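Numbering (the working numbering), first residue to last: 1162 to 2126.
Glycine included, each C-beta is placed from N, C-alpha and C at the ideal position.
Note that the structure is predicted; figures quoted are calculated from it, not measured.
Worksheet: the structure to be examined is printed underneath.
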Amino acid sequence: MSGATVSKRVLKTTVAAAAAGVVVFAPLAPHAEGANISSGPVEIRVGANSGFTKIEFAGVVGSRARVRQDGRAVIVRIGTTAAPDVSRLRVDPPKGVEKVETRSVQGATELVLTLAEGAGVRSGAADGAVWLNLYAPGAAPADAKPSVVPSGGAVPVTAEVKDETTRLTFAWAAPVGAAVFRRGDAVWVVFDAPARMNMPAGAKAGDAAGARWAAGPDFTAIRIPAAEGQTVSARADGASWIVTLGGTAASVTGVDIGRDDSVQTALTARMAGATKTVWLTDPMVGDRFAAVTALAPGKGMAKGRRTVDLALLPTAHGLAVETPTDDLTVKAEGDIVTLSRPRGLRLSPPTVGLEAAAQEVHAPRAAIRPALIIADWADLGGDSFNERHRTLQVAAELESGRAAENPRAPVESRLAYARFLVGQGLGYEAVGVLNALVKQTPAMQGVAEVRGLRGAARASIGRLAEAEADFSSGALAGDPSTRVWQGYIAAQRSDWTTARQAFAAGAGVVDNFTPEWRARFGTAHALAAVETGDLDAARELLAYVFSQPSVSAADQLAARLVQARLFELEQKPAQALALYKAVARAPLDGISTPARLGVVRLEMAKGTLKPDQAAAQLEALKWRWRGDGTELAVIRSLGELYLSQGRYREALTTLKAAGRKIVVLPGGDKLQTDLDNAFRALFLDGAADGLQPVQALALFFDFRELTPVGADGDEMVRRLARRLIDVDLLDQAAELLKYQADNRLDGVAKAQVSTNLAAVYLMNRQPEQALQALWSSRTTLLPTAMNTERRALEARALMELGRYDHALELLGKDASPASRDVRAEIFWKQQQWGAAAALYEQQLGNRHRDALIPLTADEENRLIRAGVGYSLARDATALNRLSNNYSGFAEKARSPGGIRIALAGLDGADGSGRPQDFAALSAGADTYAGWIAATKAEFRQKTGGDRPATPARNQPPAAARPAAA
């Protein structure tokens, strides 16, 4: 049976609901599922009424579930690795729950219910089940609680003395949590709320006459001297607590003690209704102890329990803890009280008390350290491998069969079998045996040898994350053999600094490992020393590796690879290259691939390998070995090589295609840095200027997500848009600028890009889009120059739409050159010839004084329009002035005949000027084309377009990066 059964029968338990402050007026109706009653270890029951939905966890395992809340997530931890069947809860979640899911954690399963915003939850335990009350948003009961102190300001305490008993009644106004226990020669009563105690005086108090009380910020404690052997009991009557001294004490239960080895070794006390931990100092002894209060009904510990770090006292109600330490933590969370220390509690191994296992004389024995691998484990004892393996396997199977019926059956045969498998290098098989052992006997999860053996087996087969989880167990804290493995794992992940620190911490036990593992650890430590620049240490470590007996060929080659890297750093390229080539011939890809990378790197530096040939070899290596620092080095080297050759698309594709495992490796962030730097070099530093504009645009769009946020990204887009504008790819330029303005910018930056976008739209004869770009980016406090530019562009767009009066009104008294240009265009279109001609002449300024310099095309167009305008306006005086100033420019002009006709006027030199000639002449003088050319030039100047393009090829080749061995 793989999961818990969800039962839909009507829930009858209302005690827990009342404890949570819920008054149930109506019976709970079944949730939308069919009834299914189960007697399995985990039983989940669901029911609902108009007020809330209740979920109960019952059964042998389910009733021990733990509940905690993390933000909107309510997490129920169930002590079984078999996930409960919550498919119907997922399909039809209760009101107030957005999502239901399960997840596996170490030795358990967690059911996670994500609450909707504003939803509420209450939890507790009653009638042998753990319950949750789930409330829809707005339906949760108010958190406000009535005052627990009676109206008089003090809690009245009455004493009833009868025979040899004294019964004290503490009459609180509302339920409070309490802890009642005997400690030494006194009885302690602790409440979880502060109040004054109105104690009875004199003989009326009976045995409590010597009682003393004190109120703290959130508790009240009463110490009552008690004779030796005097019993104490406690019970609740509504909101009152009744403590009885003497007589026959009632038996107490309800506090279950267990151990938790999931992170640090700790003790847990399951106590329904636990409210808080109160630390107290005994005024008679002076030591410090803790009391954990709990709500009614009564629950306590009939017998105490003692460990090295703490003692749990017998209690009539609640929990009491003594400790000789000063760092014990006692935390009450829901129904669970956790007792722990920063480095874990010192508890006996969970296997203490297990029946001694009968084992054969030569079975592999435990090592002196939990994570050691010793040579004796691989000893066959004179048998063949198959015989030895079969003997140990049969013993382990028989022992496992007994454990199925008796959880406290011996474990030694299974551990001996696991040691043999680890010693023989059969890591996968060893992991399977140890996992089965932990599954049958969960307490073994906290045994140091089990965690050490399994961690070593996992590390040996490359399951580094799982091995790291084992080695992080509190059971292995401070163990030097564990530190050696942690150094090895860090080296495999290219985390060199951590590796060196861990190896140094475990250096004293390395010689206790088998020779092959001494060699592997030495090689990993030497590589870490090389990568951190400690070459002397690397030489000593390699000498240590080469001195080990019976080291396999693969381990020797791994050490030689590190030695080649050492030669390379010692500026001995010939020796390094020879060693790299020798190792590269090995039929082991994990070793030969980094060696081949070293060959490529050195031959390129030597000049014997061309970049194209190196790229082809690196491309093959990229697919030959994957998932570690070697692949990372190959990808970075190949990316740099492609960039140096001007093969930008291949470079970006290579750097971007790295797998997720590579990016999270130590140093993987450098890959993203390489990618970002390459993209910046292309589109910010001008490396892409050597590409055709269309190619540059395609490259940018394919890797657009690499565009940096901020000013650099905006500058990239503007520069690429400028290149597109230069070759009249106006639609593509507009698309690029529009995406930037709509998705990446706001404020002044958006206004600037939108201004450029409007100019592009106007170049492309799209005035409506230009207006939309300007209007959608309006903002306050723009620079004056930008406001002037935007005003002129908006007026030009209105002019193109024929809205001349609106455009002139917008320009107002703006006398900037751009505004004069637009105003002259409008007057010309309105056939206000004199006003237009005056503006065109004004735009020429004192240009007539530089007669030796020919007019530009734009100046010729303005001169022709000024002459034609004065002629059509019949302003002979102005036309004569213009003719006297500019007639000398006609000879060197691009259109000498046009200038002569314009300056001669309608009457002309020979009296033959005709209006139709002037119409054709003015149409030829296209000032709009001049505006486009000027706008392009201005945009080019702003984006650095006047600089020479960066060559795309013929750069010196980049050296390949070193790889981890």
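Handout entry: Counterpart residues of Ile1239 in DSSP-defined beta bridges
Key = Residue pairing for Ile1239: DSSP places it in a beta bridge opposite Thr1270.
Practice task
Please report the Cβ distance between Val1203 and Val1222, rounded to the nearest whole angstrom; I am assuming they are in contact, meaning their Cβ atoms lie under 8 Å.
Solution key: 5 Å
Practice task
Run the CB neighbour count on Gln1267, radius 10 Å, all protein chains shown included, and call it buried at 16 or more, exposed below.
Solution key: exposed
Practice task
Keeping to the same chain, check which residues put their C-beta closer than 6 Å to that of Glu1811; ignore five residues upstream and five downstream.
Solution key: Taking Glu1811 as the centre and dropping the five residues before and after it, the same chain places the C-beta of Tyr1803 closer than 6 Å to its C-beta, in chain order.
Problem - Range covered by the beta strand (DSSP E) that runs through Glu1204 - result: Glu1204 to Ala1209
Problem - His1686 beta carbon less than 8 Å from that of Gly1635 - result: no
Problem - Rounded separation between Thr1414 and Ala1463 - CA only - result: 7 Å
Handout entry: Sheet register partners of Lys1215 (DSSP bridge)
Key = Gly1208 and Asn1294
Practice task
Could you say if the region 1443-1456 and the region 1348-1362 meet the contact criterion of at least three C-beta pairs nearer than 8 Å?
Solution key: yes
Handout entry: For Val1247, the nearest candidate out of Glu1896, Pro1854 and Leu1274 (CA to CA)
Key = Closest by alpha carbon: Leu1274.
Exercise for the section: With a threshold of 16 other CB atoms inside 10 Å of the CB of Val1592, please say whether the residue is buried or exposed. Expected result: buried
Exercise for the section: Name the residue from Leu1898, Gln1901 and Leu1702 whose alpha carbon lies nearest to the alpha carbon of Asp1672. Expected result: Leu1702
Handout entry: Residue closest to Ala1395, alpha-carbon to alpha-carbon, out of Arg1549, Lys1460 and Ala1320
Key = Lys1460
Practice task
Determine, using beta carbons only, whether Phe1380 and Pro1355 come nearer to each other than 8 Å.
Solution key: yes
Practice task
Give a yes or no on whether the C-beta atoms belonging to Arg2008 and Glu2020 are separated by under 8 Å.
Solution key: yes
Problem - N-terminal and C-terminal residue of the alpha helix (DSSP H) that Gly1285 is part of - result: No alpha helix (DSSP H) contains Gly1285, which is instead part of the beta strand (DSSP E) from Gly1281 to Ala1287.
Practice task
Between the Cα of Glu2002 and those of Arg1283, Pro1755, Ala1339 and Asn2046, spot the shortest distance and give me the residue it belongs to.
Solution key: Asn2046
Exercise for the section: Please list, in chain order, all residues of the same chain as Val1670 whose beta carbon is under 8 Å from its beta carbon, the five residues on each side excluded. Expected result: Arg1530, Leu1533, Pro1641, Ser1642 and Val1645
Exercise for the section: Would you check if there are 3 or more beta carbon pairs closer than 8 Å linking the region 1692-1708 to the region 1562-1573? Expected result: Taking 8 Å as the limit for Cβ pairs, the verdict is that the region 1562-1573 does not touch the region 1692-1708.
Handout entry: Local conformation of Glu1259 per DSSP, three classes
Key = strand
Handout entry: Identity of the residue in Ala1776, Pro1254, Gly1285 and Val1983 nearest Phe1218 by Cα
Key = Gly1285
Practice task
Let me know if Val1282 comes out buried or exposed under the rule of 16 or more other beta-carbons within 10 Å of its beta-carbon.
Solution key: buried
Handout entry: Opening and closing residue of the beta strand (DSSP E) in which Leu1480 lies
Key = Leu1480 to Glu1483
Handout entry: Short CB-CB distance (under 8 Å) between Val1310 and chain C
Key = Chain labels in this structure do not include chain C; a single protein chain is all it has.
Practice task
Rounded to whole angstroms, what's the CA-CA distance from Ala1895 to Arg1926? Just pull it up for me.
Solution key: 12 Å
Problem - Per DSSP, cross-strand counterpart(s) of Arg1981 - result: Arg1981 is not bridged to any residue.
Handout entry: Opening and closing residue of the beta strand (DSSP E) in which Met1360 lies
Key = Looking at the DSSP string, Met1360 is not in any beta strand (DSSP E), and its letter there is neither H nor E.
Handout entry: DSSP-derived helix/strand/coil call for Pro2057
Key = helix
Handout entry: Terminal residues of the beta strand (DSSP E) in which Ile1497 lies
Key = Note, Ile1497: beta strand (DSSP E), Ile1497 to Ser1501.
Problem - Candidates Met1605, Gly1419 and Asn1904, of which the one nearest Leu1119 by Cα - result: Because the chain is modelled from 1162 through 2126, residue 1119 falls outside the range shown and cannot be assessed.
Practice task
Determine the extent of the alpha helix (DSSP H) in which Val1744 is found, giving its start and end residues.
Solution key: Pro1734 to Ala1745
Problem - The beta strand (DSSP E) enclosing Glu1494, as first and last residue numbers - result: Thr1490 to Glu1494
Handout entry: Identity of the residue in Ala1998, Glu1961, Leu1959 and Ala1946 nearest Ser1977 by Cα
Key = Ala1946
Practice task
Going by CA-CA distance only, name the one from Val1309, Gly1694 and Gly1257 that's closest to Tyr1296.
Solution key: Looking only at Val1309, Gly1694 and Gly1257, the smallest Cα-Cα distance to Tyr1296 is reached by Gly1257.
Practice task
Figure out for me which residue from Trp1786, Ile1886, Ala1818 and Ala1839 has the closest Cα to the Cα of Gln1806.
Solution key: Ala1839
Exercise for the section: Classify Gln1276 as helix, strand or coil using the three-state DSSP reduction. Expected result: In the sequence on display, residue 1276 carries Leu and not Gln. In this structure, Leu1276 counts as strand in the three-state DSSP scheme.
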